[in-house]
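Structure, as C-alpha cells:
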DNA sequence: TACCGGTAGATAGTAACACTGAATAGTGGT
DNA sequence: ACCACTATTCAGTGTTACTATCTACCGGTA
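Residue numbers (full-length UniProt numbering), protein chains in the order written: chain G, 1 to 109; chain C, 1 to 109.
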C-alpha cells in the first residue's frame, strides 16, 4: 500500500465498509477479501477488524455470531438505522470533497 | 468542521494545496483564505502552515521570502518538478478511490 | 504615546485512523 | 502430528488535522 493511499483511506475506508454493508450483511474476512478483489490489494486484515469494532461501538451496525463450516464463528455485521444516517452524512461529505477536487483537477482554481 | 471531514481531509488536503500551487505560487495566509472561500469553512490556519512546512521539507516546493506591505514577510511557495511528480501520483490515487466510491454510491457492489 | 484590528507565520500537545506484526482458534486433509 | 485455510483480536507505531497559543509587522485611532 502506498503511503499516499494509506493516508487517503482515512475516513474513507469507514464509508466504503458502511456502503458495502448497506447492500448486504457481511463479516470481516469476507469484507477484506472483497476489498482486495476491488483493487485495495494490500488492505491489512487488522485494519478492517478494528474498523468493524469501531463502528459497532458507535452503534452503526448490529452484530450476529454465526457458526462457520470452515473455521471459527463469524461475526456478521448489518447496517442499522443509525448507520444509514451516518452513511448519508458520509456521502454528503464525500460529494463536497469530490466536487472541489474535480474542479481542481480540471485546472479551474 | 465535522469529524468526518477532518478525517477525510487527511491525505487529501496535501493534494489540494499542491494542486493550487500547480496553477500559481501562493503563500499560507492566501491559501487558507482561498480554502475558506471554497467552502472549507473551518480549516485551521495552523493546519495549512504545518502542511506547507511538511511539503517544503519533502522537497515538493521552492520557497521565496517576499516582503508584504501589510504585515510580516510572506513565504511564497511554488511547485517544483518533484512536487509535480508527487501531484501526478496524488491524482492517480485519487482517481482510483473516486472510481471505486462512484460505483459503490450507484449501488453496485 | 498606547492600543487594536488585520496580516502573516510558528509550535506544543491531542485525537483519530490505518498499518505492522503477532497471537489465538476452529476445521479438514495428509 | 502437522499444515493450510478460515476467522478474529490486539499492542505498538507513524501520519495527519485540530486546538490553542504565541510571536511579529503595519496602519489607524483614541
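Positions of the beta carbon are idealized from the N, C-alpha and C atoms, including for glycine.
Query: Neighbouring residues, chain C, relative to residue 98 of chain G (Cβ below 7 Å); Result: 98
Query: Nearest-angstrom beta carbon gap, residue 13 of chain C and residue 51 of chain C [assumed within contact, 8 Å]; Result: 6 Å
Query: Contact set between residue 1 of chain G and chain C, taken where Cβ atoms lie within less than 7 Å; Result: Per Cβ cutoff of 7 Å: no residues; residue 1 of chain G is ~10 Å from chain C at best.
Query: Contact with chain G by residue 16 of chain C, beta-carbon distance below 8 Å; Result: yes
Query: Any C-beta of chain G under 8 Å from that of residue 60 of chain C; Result: no
Query: Per-residue contacts from residue 12 of chain G into chain C (C-beta, under 7 Å); Result: 8, 97
Query: Sufficient close CB pairs (3 or more, under 8 Å) joining the stretch 34–42 of chain G to the stretch 71–82 of chain G; Result: no
Query: CB of residue 71 of chain C within 8 Å of CB of residue 49 of chain C, strictly; Result: no
Query: Beta-ladder partner(s) of residue 100 of chain C, from DSSP; Result: Bridge partners of residue 100 of chain C: none, in fact.
Query: Where residue 62 of chain G sits in the DSSP three-state scheme; Result: strand
Query: Host alpha helix (DSSP H) of residue 22 of chain G (start-end); Result: 12–23
Query: Interface flag, residue 38 of chain C vs chain G, CB-CB below 8 Å; Result: yes
Query: For residue 75 of chain C, three-class secondary structure by DSSP; Result: strand
Query: Where the stretch 79–95 of chain G meets chain C: residues whose CB sits under 7 Å from a CB there; Result: 89, 90, 91, 93, 94
Query: Proximity test, Cβ basis, 8 Å: residue 4 of chain C and chain G; Result: yes
Query: Backbone CA spacing between residue 105 of chain G and residue 87 of chain C [nearest angstrom]; Result: 10 Å
Query: Element boundaries [alpha helix (DSSP H), containing residue 30 of chain C]; Result: 28–37
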